[in-house]
Every structure is written in structure tokens, then in C-alpha cells.
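First residue of the sequence shown? That's 1059 in my numbering, and the numbers climb one at a time after it.
Notes follow the structure.
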Amino acid sequence: MSTSTRPEVATRWGSVTRRALPALAVVILLVAAWQIYVDVSGIRPQVLPSPGRVLSQGWNNRDVISGHALSTLQVTLIGFTVSLALAWILAVVVDFSPWLSRALVPLFVVSQTLPIIAIAPLMIIWFGFGLLPKVLVIALATFFPMTIGLIEGFAAADREAGALLRSMGASRWQEFRYVRLPSAIPRFFTALRIGITYAVVGAVFSEYVGATSGLGIYMSTQKNSFRTDLVLAAVLVTALISVTLYLLTFAVERVVAPWALSERTPR
């Protein structure tokens, strides 16, 4: 690494640290309050275990939990990839056809009014305990924010730049490629970050309703055994997966669209 880039890396790291400190401080305070409450109240661990017990029992059962976590991660990534591909295809088609926009966007909105808590059991009944029902639940949970983010990003393109290209004889596809597509990227990554967290929640919930492996079914099994400590350990692992995937979207954005990150000035 050259000496000229070291100050930039240090500045970026310092900015990230400053932004993370408030959230980290809140987490520490909440965990401390949790520990104090358990110590003072004498509440039974079957009802509310201490943070230390959750961590120790989670570590003791790390092999089992990690196996279920990998299953959940696999389902999440498959379902999210399918949803992402469909979102791009439909958003591009809708952008090229105003008629389809008027016909399909209301249906996208209606799809978000369907409660996942009711849809997930139906998926299990219709398609069994395999991969398909989980992928469908994740797609329902994540498709809308990404599709709408892309559609709105395309619509927010610079009209003057588009008009200039058309006046120079550019085709509709060229206008889309050079004006509308770059305009949609920042909003797309914002929607992507929302969608990836929804994907993890959708995967866990679909497993909770019915599955042979995954953090959702693990939580359900431990709940029935009154192992609240292991339920909370699985919740912690789920949160770590969500945060990791969320942060990875920034790394992808930095590679794919560095200009989008530069537009967001750290505060």
C-alpha cells in the first residue's frame, strides 16, 4: 500500500469507528441493564437467562448452532438471489413500458399487505418442507423494496441528460444504459440493504413454521424444551448474520458504484 493511500484508509476507518460508537454504546448499556436486572430480580433462567449464560451455552452448543446457521444462510442467499434477479427483470421491463408500470406497481403494493405469518404456513402446506417454500417466503419479503427502489431510481434520472442523448440520436436502450441505470444504482443499494435484512428474517420465519434444519426450527425446538438461553443464542447468531450481510452490501457498493458512496457524506 502506498503512503498516499494510508491517510485515506485511516480517515475512512476513523469515520466508520465514529459512526459505530453510539450504537455500540447503546448495546453495551442494554446488555449491562439486562445483567443487572437478572442479578437483582433473581428471575429463573428458564424465563430470562443472563447474557453470560446465553454466551456460554451458545458456545458449548456452537457445533449444532453453526450447522443450523449455515443452513439458514444458504436459504437466505438462494432466496435473495432469486428475488434480486426478478426485481431487476421486472423493474427494467416496467421502466420500458408505462402501461406495465400502471398495471404491475399496484400489485407489488398489494403483495406487501399479505401477512407473511399467514402465507408461510400455506407455502409449507402447498410445497412441503423443501427449499421452494422458503425461497418463496423470502421472495415475498424482499421483492417489493428492491423493485420499487429500482423503479423510483430509473424515474429519478436527469431528464435533461436523457433529452440531450435523444437529440443526438441515442436509442431508448442507450438512454437507459447511460442515464437511467446509473441514476438507479444509489437507490438500489439502499433498497438492497433493506432487502437483505428482510431476507434473513423471512428465512428464519419460514424455518420456524416448518423445516428440518435452520435457526428457525432450532429456536422452535429449544423453545419447546424451555431452553431460553439457546433460543437467545440463536437469535444472537441471526442478528450477526443480518449485520454481516448488511455490511457486505457496502463493500459491494464500493466496488460496483463508488460514486454512490461518495454522494453520502458522513455526518
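Yeah, the Cβ is synthetic: ideal placement off N, Cα and C, and Gly gets one too.
For Ser1129, same chain residues with a beta-carbon under 6 Å away, outside a window of 5 residues either side, are Ser1271, Gly1272 in chain order. Excluding its 5 nearest sequence neighbours in each direction, Phe1138 has C-beta neighbours in its own chain below 8 Å: Ile1196, Thr1200, Gly1253, Ile1254, Ala1257, listed in chain order. Here Val1150 is not near Leu1162, since their CB atoms are 8 Å or more apart.
The beta-carbon separation of Val1295 and Met1277, rounded to 10 Å, does not stay under the 8 Å limit for a contact.
Each residue's CA atom was taken as its position, placing Ser1241 and Ser1099 some 55 Å apart.
Residue nearest to His1126 within the set Ile1275, Val1112, Glu1233, Val1089 is Ile1275 (criterion: CA-CA distance). Around the C-beta of Thr1134, 16 or more other C-beta atoms lie within 10 Å, and the residue is accordingly described as buried. In terms of Cβ geometry, Pro1173 and Val1267 do not form a close pair [threshold 8 Å].
Rounded to the nearest whole angstrom, the CA to CA distance from Thr1279 to Phe1154 is 48 Å. In this structure Arg1077 is exposed. Its beta-carbon is surrounded by fewer than 16 other beta-carbon atoms within 10 angstroms. Taking the Cα positions, Met1204 is about 45 Å away from Asp1097.
Linking Arg1238 to Tyr1304 through their CA atoms gives a straight-line distance of about 25 Å. Between Val1193 and Val1140 a beta carbon distance of about 6 Å is seen, short of the 8 Å cut, so the two are scored as contacting. If you ignore the 5 residues before and after Pro1191, its C-beta comes within less than 6 Å of the C-beta of Met1181, Ile1182, Phe1185, all in its own chain and listed in chain order. It is roughly 11 Å from the alpha-carbon of Ser1229 to the alpha-carbon of Ala1221. With distances taken between CA atoms, Leu1144 lies nearest to Phe1202 out of Phe1202, Ser1124, Gly1110, Pro1316.
Closest by C-alpha distance to Arg1102, out of Asp1287, Ser1300, Val1168, is Asp1287. Counting C-beta atoms within 10 angstroms of its own C-beta, Leu1198 has 16 or more neighbours from the protein chains shown and is therefore classed as buried. Taking the Cα of Ala1214 as reference, the smallest distance to any Cα among Trp1231, Val1301, Ser1225, Arg1245 is reached at Arg1245. For Phe1234, there is no enclosing alpha helix (DSSP H), as DSSP marks it with neither H nor E.
Non-local C-beta neighbours of Ala1219 in its own chain, meaning closer than 6 Å and more than five positions away in sequence, comprise Val1237, ordered along the chain. Shown here for Trp1092: same chain residues with a beta carbon closer than 7 Å to its own, the five before and five after excluded, namely Pro1109 in chain order.
Judged by DSSP secondary structure, Arg1285 falls outside any alpha helix (DSSP H); it is assigned neither H nor E.
Nearest neighbour of Tyr1095 by Cα position, chosen from Val1085, Ile1175, Leu1106, turns out to be Leu1106.
Using a 10 angstroms sphere on the CB of Arg1285, the tally of other CB atoms reaches 16 or more, which defines it as buried. One thing to note: Glu1311 has its Cβ no nearer than 8 Å to the Cβ of Phe1212.
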